[in-house]
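To keep things clear, I will list the structure first and then write my remarks on it.
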Amino acid sequence: MNFVEIAGISINLDHVVFIREEDHAQLGQVIAIHFAHPERDPLRLSAEHYDELRRLLQAPVGKT
Numbered sequence: 001m002n003f004v005e006i007a008g009i010s011i012n013l014d015h016v017v018f019i020r021e022e023d024h025a026q027l028g029q030v031i032a033i034h035f036a037h038p039e040r041d042p043l044r045l046s047a048e049h050y051d052e053l054r055r056l057l058q059a060p061v062g063k064t
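Those letters in the sequence shown? Residues 1 to 64, per UniProt numbering, in order.
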C-alpha cells in the first residue's frame, strides 16, 4: 500500500483513480482526489495544498 498524508488526512494511493484541480461552485478552486469506488465522493482539498501534494507524489518511496 502507498499512503501519503496531507492536510491531516492519510490517503491510500492504491484507491485513487486520478487527482485534478477543479473549480467547485461553493468551495472555489480545489484539488479533487477521485477514488476507484464509484459511490465515494471525491475528497476536495484547498488549492493551497497543491504544491505539498505534488512534492509528496514525486518523492521517492520512504522519503516523505
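Here a beta-carbon is modelled for each residue, glycine too, at the ideal position from N, C-alpha and C.
- DSSP places residue 23 inside the beta strand (DSSP E), whose first and last residues are 16–24.
- Excluding its 5 nearest sequence neighbours in each direction, residue 2 has C-beta neighbours in its own chain below 8 Å: 12, 13, 14 and 61, listed in chain order.
- With fewer than 16 other CB atoms across the displayed protein chains lying within 10 angstroms of its CB, residue 9 is exposed.
- In the three-state reduction of the DSSP assignment, residue 27 falls in the coil class, being assigned neither a helical nor a strand state.
- Only exposed fits residue 17, as fewer than 16 other CB atoms lie within 10 angstroms of its CB.
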